[in-house]
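Colleague: Numbering (the working numbering), first residue to last: 84 to 651.
(1) Rounded to the nearest angstrom, how far is the Cβ of residue 454 from that of residue 128, given a contact under 8 Å?
(2) Along the beta strand (DSSP E) that carries residue 127, what are the first and last residues, could you check?
(3) Taking 9 Å as the threshold (C-beta atoms), are residue 593 and residue 626 in contact?
(4) Is the beta carbon of residue 233 less than 9 Å from the beta carbon of residue 190?
(5) DSSP beta-bridge partners for residue 240?
(6) When burial is assigned at 16 or more other CB atoms within 10 Å of the CB, is residue 333 buried or exposed?
(7) Determine, using beta-carbon pairs with one atom in the region 257–264 and one in the region 217–225, whether at least three such pairs fall under 8 Å.
(8) So within the region 287–358, which uninterrupted beta strand (DSSP E) runs reach at least 3 residues, ignoring any that extend past its ends?
(9) Taking the alpha-carbon positions, what's the residue 491 to residue 297 distance?
(10) For the candidate residues 450, 447, 462, 414, whose alpha-carbon lies nearest to that of residue 431?
(11) Assuming residue 411 contacts residue 366 (C-beta within less than 8 Å), just tell me the rounded distance between them.
(12) Could you tell me whether the region 157–164 touches the region 173–190, where touching means 3 or more Cβ pairs closer than 8 Å?
(13) Straight-line CA distance for residue 500 to residue 315?
(14) Could you tell me whether any Cβ in chain C is nearer than 9 Å to the Cβ of residue 287?
(15) Less than 9 Å separating the beta-carbons of residue 393 and residue 384?
(16) Considering only their Cβ atoms, is the gap separating residue 250 from residue 289 smaller than 9 Å?
(17) Count the other CB atoms, across all protein chains shown, that sit within 10 Å of the CB of residue 557; report buried if there are 16 or more and exposed otherwise.
(18) How is residue 465 classed by DSSP in three states: helix, strand or coil?
(19) Could you work out which residue in 235, 546, 444 is closest to residue 415 when comparing CA atoms only?
(20) Between the alpha carbons of residue 211 and residue 420, how many angstroms are there, rounded?
(21) Under a Cβ-count criterion, where at least 16 other Cβ atoms within 10 Å of its own Cβ denotes burial, should residue 617 be classed as buried or exposed?
(22) Skipping 5 residues on each side, what residues in its chain have a beta carbon closer than 6 Å to that of residue 504?
(23) Taking the beta carbon of residue 447 as the centre, do at least 16 other beta carbons fall within 10 Å, making it buried, or is it exposed?
(24) Alpha carbon to alpha carbon, how far is residue 167 from residue 485? Give it in angstroms, no decimals.
(25) Counting only the same chain and skipping the five closest in sequence on each side, list residues whose C-beta sits under 6 Å from that of residue 344.
(26) Report the three-state DSSP secondary structure of residue 432 (helix, strand or coil).
(27) Residue 451 lies in the beta strand (DSSP E); which residues open and close that run?
(28) To the nearest angstrom, how far is it from the Cα of residue 518 to the Cα of residue 550?
(29) Among the residues of its own chain, which have a CB less than 6 Å from the CB of residue 554, if the five just before and after it don't count?
(30) Who are the near neighbours of residue 543 in its chain, counting only those whose CB is closer than 6 Å to its CB and skipping five residues on each side?
(31) Specify the secondary structure class of residue 208 as computed by DSSP and reduced to three states.
(32) Can you tell me the Cβ-Cβ gap for residue 388 and residue 286, rounded? I've got them flagged as a contact below 8 Å.
(33) Do you know how far the Cα of residue 466 is from the Cα of residue 161?
(34) Can you tell me whether residue 641 is helix, strand or coil according to DSSP?
(35) Measure the C-alpha to C-alpha separation of residue 206 and residue 183 and round it to an integer number of angstroms.
(36) Flag this pair as yes or no: are the beta carbons of residue 364 and residue 326 separated by less than 9 Å?
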């Protein structure tokens, strides 16, 4: 990034950037827990391919209404803007006409349930900017022309503040204002620095803050130099009461910064409320060396006006099983009904096909699952995405081999429940599979897998936690523990087990037996790095000497079973 010392006569009121804080506000933790991480689960991603849209599209807007999935504008083949929209309902697409293409425009929902779509490129090939605004009414399933923007814009973002709409951002032009919509017309307000596709949010005092990583010409933003000599990204802070703009420090810098936002992503996609407080979540890239980086989640607590690093959770930069590098699209989608965050990434599954990855992260339990699927002939992360009311993520259109050849394909992806190995939450009353612990005194304890038991090695103890129990055993007292199927009479039928793996602990060694002979067993650190990988030996037995591992938390994956080991 380019670095510039801003004139202190203008920005002297900004305090030095504060260091990141681990966020501890959602769940009470046992004093024995060593970290904020939970077990990561790897599973397959379920999806449904919808009929192709009537037109191939790129840089279009997409949102869900009672009429179904709505896509608006963008450009089609040969980079030609299209003044059309489509609604997907009852298994088919219906095409609608609109006044402007809004290729690279913005969208925001109004308080009355209508949708405002505005701006975009005014000509083919991503040239020029537009003042045009259209309003979609779900009641009539039609578009009407809205009031023009005060400034022509492309690659802008909008935020709804108590019914007032603020629009910021532009592309390939100097721009130092926001657009303000008061319910009838737009006017220019503020004194903003030019950015493309900026992050927009409010603060605890009702001000509008806008910041980003790229200016309107696609270059890295200039950094502010704080009084302690550190450099960071600042936000423009507009006060609606006074009409004045000043600057607010953020936690982001050239070493750790939010990923650029996709064109169709909205500020409301990343907002949620928990325990009476409002939050905005960011997916950030942190540089750890000249060549290495990691992904992290950060929060901004609107009601406190503070930034937090989201625990010690690192987003996997490589797939935990295949090792393939994952690239993520900017923006985090929030499902408040399930208290989950969704991150979308892609990788090259083979030389001719792409793989899609979706991470579900529960923001109250810190459990997460990465779900993947392959077979796509282009990178779907370049399409336009939105979260549907049923919790699925819709992907429409996108970039194939060039801007001039977008796709007409559309999909619905089902993010898995965080911490689960499928997209469905198991019913503890219907699940007959159990974790059985046998102790040397002859006692047997069963834990339903539907209650999500977790196995932890803590010092000289084995601890099993679930939604209904928290039990600690002395390792010296345990004969073995295993997974079985239990019939309704309560009698174990080992001959009918669909996963007969047995696990025991003997003299500092974790023993996995009854695996398939030659089965691959992997040991992973929590950041997804493969620590050890071997094949089960004769009769399907694998031995892991825990004394050979440094202190920490590890994931052991064998066949369909995943274990979390905590070595102190």
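From the three backbone atoms N, C-alpha and C, an ideal C-beta is built for every residue, glycine too.
Modeller: Reading off the structure:
(1) 4 Å
(2) 123–127
(3) yes
(4) no
(5) 251
(6) buried
(7) no
(8) 291–294, 317–322, 327–332, 339–341, 354–357
(9) 29 Å
(10) 462
(11) Your pair residue 411 and residue 366 checks out as a contact, with CB atoms roughly 6 Å apart and the cut at 8 Å.
(12) yes
(13) 36 Å
(14) Note that chain C does not occur in the displayed structure, where there is just one protein chain.
(15) Going by C-beta atoms, residue 393 is not nearer than 9 Å to residue 384.
(16) no
(17) exposed
(18) Residue 465: helix per DSSP, three-state reduction.
(19) 444
(20) 41 Å
(21) exposed
(22) 124, 126
(23) exposed
(24) Approximately 21 Å, taken between the alpha carbons.
(25) 280, 413, 414
(26) strand
(27) Where residue 451 is concerned, the enclosing beta strand (DSSP E) stretches over 451–459.
(28) 14 Å
(29) 547
(30) Counting only Cβ-Cβ distances below 6 Å, and skipping sequence neighbours, we find 558.
(31) helix
(32) 6 Å
(33) 17 Å
(34) strand
(35) The alpha-carbon atoms of residue 206 and residue 183 are separated by roughly 11 Å.
(36) no
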